[in-house]
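Q: In the UniProt record's numbering, the protein residues as written are 1 to 243.
No residue lacks a Cβ here, since even glycine has one placed at the ideal position from N, Cα and C.
#1: Excluding the 5 residues preceding and the 5 following residue 102 in the sequence, name in chain order all residues of the same chain whose CB lies nearer than 7 Å to its CB.
#2: For the beta strand (DSSP E) containing residue 199, list its first residue and its last residue.
#3: Check residue 65 in the structure and name its three-state DSSP category.
#4: Can you give, in chain order, each stretch of the beta strand (DSSP E) that sits fully within the stretch 13-49 and has at least 3 residues?
#5: Any chance you could list the alpha helix (DSSP H) runs of at least 4 consecutive residues sitting entirely within the stretch 209-243, in chain order?
#6: Look up residue 6 in the DSSP assignment and say whether it is helix, strand or coil.
#7: So, with DSSP's three-state summary, where would you put residue 185?
#8: Give the C-beta separation of residue 62 and residue 95 to the nearest angstrom, bearing in mind that I take them to be a contact with Cβ-Cβ under 8 Å.
#9: Measuring straight from C-alpha to C-alpha, what distance separates residue 325 and residue 53?
#10: Compute the Euclidean distance between the alpha carbons of residue 220 and residue 49, then round it to the nearest angstrom.
#11: When you compare the stretch 71-82 with the stretch 8-23, are there three or more beta-carbon pairs, one atom per stretch, that lie closer than 8 Å?
#12: Tell me which same chain residues have a C-beta within less than 6 Å of the C-beta of residue 227, skipping the five on either side of it?
#13: Pick helix, strand or coil for residue 136, following the three-state DSSP scheme.
#14: For residue 200, does the count of other Cβ atoms within 10 angstroms reach 16, so buried, or fall short, so exposed?
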């Protein structure tokens with residue numbers, strides 16, 4: 001496994017993501033776009049990408065803020081993420097640019113199969129991935145982990161090409177049950193292929209080891225491990241990976 005920066009642009013915005021390449025990656029390897037939480041392109045985000053990609057995959061941690069910028073906590077992360085939540089078109093442009101960069105890099109290097117693309121996001125990143133799917137991006141799978149579920153621009157019938165997997169905490173105060181209900185109704189209306197796993201008692205960020213805001217964002221080892229198993233099974237199914 002190796003990691004390296006990947007420089008690309010989204011319009012006039014210069015971005016720097018982290019590319020993760022499995023030791024056994026080849027021309028048929030899956031391409032997995034990883035949208036990090038609102039802290040940005042951190043070391044922890046790269047570690048999560050490496051776990052998801054495994055020895056055969058290629059992953060890119062998307063840079064949603066430009067310049068590989070990271071945040072240290074909610075005080076500086078909230079304004080960065082909030083600006084994109086308020087501008088859904090720009091949010092979609094930036095996540096789409098990251099997918100394009102990953103695909104272009106696969107073509108340049110000859111490693112990775114553009115026909116086997118998936119996207120996965122954590123928290124704010126989960127919302128980014130769902131926005132990508134709503135645009136009709138040509139990806140096999142989109143996975144949202146305790147993420148933003150609703151959008152000011154809901155999916156239109158027939159637009160969502162990706163199969164969707166959502167893992168969410170039943171007590172998540174950031175995206176509560178009303179948002180889960182709205183998401184389900186939206187996806188049914190859009191005719192999307194989707195599934196949701198709701199974990200009882202869990203709140204926000206339960207897959208992230210450093211989450212520690214009692215009652216709001218808390219890591220849960222059991223829920224996290226179950227979710228990573230769900231991810232592996234879902235990617236194997238949608239990308240036709242061998243066991």
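A: From the atom records:
#1: 31, 33, 60
#2: 193-199
#3: It is coil, neither helix nor strand.
#4: 13-21, 31-35
#5: 221-238
#6: strand
#7: helix
#8: The beta carbons of residue 62 and residue 95 sit about 6 Å from each other, so the pair counts as a contact at 8 Å.
#9: Any question about residue 325 goes unanswered here, given that the chain covers just 1 to 243.
#10: Going by the C-alpha atoms only, they are around 19 Å apart.
#11: By the criterion of at least three beta-carbon pairs nearer than 8 Å, the stretch 71-82 is not in contact with the stretch 8-23.
#12: 167, 207
#13: coil
#14: exposed
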